[in-house]
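Taking UniProt numbering, the leading residue of the sequence shown gets 1, the next gets one more, and so forth.
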Amino acid sequence: MEKAIVVTDTNDVKSKVLTEVLKIAKRIARSGKGGLFVIISKDLSEGVYDPLFPQLCTDKPITEPGMGTVIEKLAELDGAVLITPEGKLIAYGSRIVKSSTLPGHGTRHAAAKGISQLSKDITSVLISEETGWIKVFQEGRIILETDAVDVSPGIMRKVAMFLSHRDTALLVSAGIAGAAVGGIPTLVLAGGMYLIVKTAFTSITSTLKG
């Protein structure tokens with residue numbers, strides 16, 4: 001019998017920020033638009049982007065009430081939105097200087113892949129205007145693909161916890177055998193119901209419960 005993934009709620013700040021970004025990304029995807037978020041520290045962000053618009057940023061974190069709507073509107077501008085792991089807005093409407101070609105995809109994918117290669121502490125979240133799917137990049141790899149279907153807070157929290165810790169033990173301890181094989185797996189969240197763990201050698205599907 002398949003087991004649900006269980007992740008302890010540790011009040012992890014980065015996980016909360018990732019959760020909020022994914023929620024915003026799903027809203028943008030459902031509206032038929034595209035966008036790019038980069039979760040990056042202030043120090044690492046120096047020299048990696050060029051603002052395309054005058055910048056007027058706030059110290060309020062993305063997790064504060066009302067900020068999600070503000071960030072969503074900024075994400076609809078051309079260019080990327082850069083946010084610290086603590087949820088503070090660094091820049092918006094910005095061109096990413098570092099890019100790396102992803103065959104079959106355009107400049108937004110190249111930017112998402114390229115900037116995530118700079119450090120293991122950088123996460124980029126891309127919303128495809130063409131497909132409506134969301135892709136999360138870490139260390140130059142797509143770690144998560146998800147559709148625009150809304151999911152329960154519990155499922156979103158579990159996914160964000162995995163992304164923030166990048167620890168396959170979170171999956172193995174939940175009873176998904178073989179998740180650690182072949183390194184960090186790719187997660188595919190479709191319809192808010194199934195988490196498909198894809199590694200180099202195997203693919204395991206687990207029903208999630210919020």
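Beta carbons are placed, not taken as given, at the ideal position from N, Cα and C, and that holds for glycine.
On a predicted model such as this, the values are computed, not experimentally measured, just so you know.
With respect to S164, G140 sits apart: the two C-beta atoms are not nearer than 8 angstroms. Segment contact: the region 139-153 against the region 44-52, fewer than three CB-CB distances shorter than 8 angstroms; contact not assigned.
Counting the other Cβ atoms within 10 Å of the Cβ of K16 gives 16 or more, which makes it buried.
The region 18-28 and the region 102-111 do not touch, with fewer than three beta-carbon pairs separated by less than 8 angstroms. Exclusion of the five residues before and after V81 leaves F37, L74, A75 and Y92 as the residues of its chain whose Cβ lies within less than 6 angstroms of its Cβ. Listed in chain order, the alpha helix (DSSP H) runs fully inside the region 93-141 are 107-116, counting runs of at least 4 residues.
F53 sits exposed, since fewer than 16 C-beta atoms from the chains shown fall within 10 Å of its C-beta. Counting C-beta atoms within 10 angstroms of its own C-beta, G35 has 16 or more neighbours from the protein chains shown and is therefore classed as buried. Distance from T186 to E145 at the Cβ level is roughly 7 angstroms; contact confirmed, criterion being Cβ atoms closer than 8 angstroms. When DSSP states are grouped into helix, strand and coil, E76 belongs to the coil group. Going by DSSP, F162 is part of the alpha helix (DSSP H) stretching over P153 to H165. Of the residues assessed, S152 falls on the exposed side of the cut-off, its CB having fewer than 16 other CB atoms within 10 angstroms. Under the three-state reduction of DSSP output, E46 falls in the coil class, being neither helix nor strand. Remark: C-beta atoms of V125 and A29 do not approach each other more closely than 8 angstroms. Here S99 has T107, A110, A111, K113, G114 and I115 as same chain residues with Cβ atoms under 8 angstroms from its own Cβ, once five neighbours each way along the sequence are excluded. Here the alpha carbons of I96 and I90 stand approximately 13 angstroms from one another. Just measuring C-alpha positions, the residue of I40, P61, S31 and R27 sitting nearest S119 is I40. In this structure, G79 is the residue among G79, V13 and I62 with its C-alpha nearest to the C-alpha of K33. Contact check for W133 against D150 fails: the beta carbons are separated by 8 angstroms or more.
In this structure, I62 sits near G87, with a CB-CB distance shorter than 8 angstroms.
Scanning V13, D12, R27 and K14 for the CA closest to the CA of S128 turns up R27.
Across the set V188, T101 and I155, the C-alpha of V188 shows the shortest separation from the C-alpha of V136.
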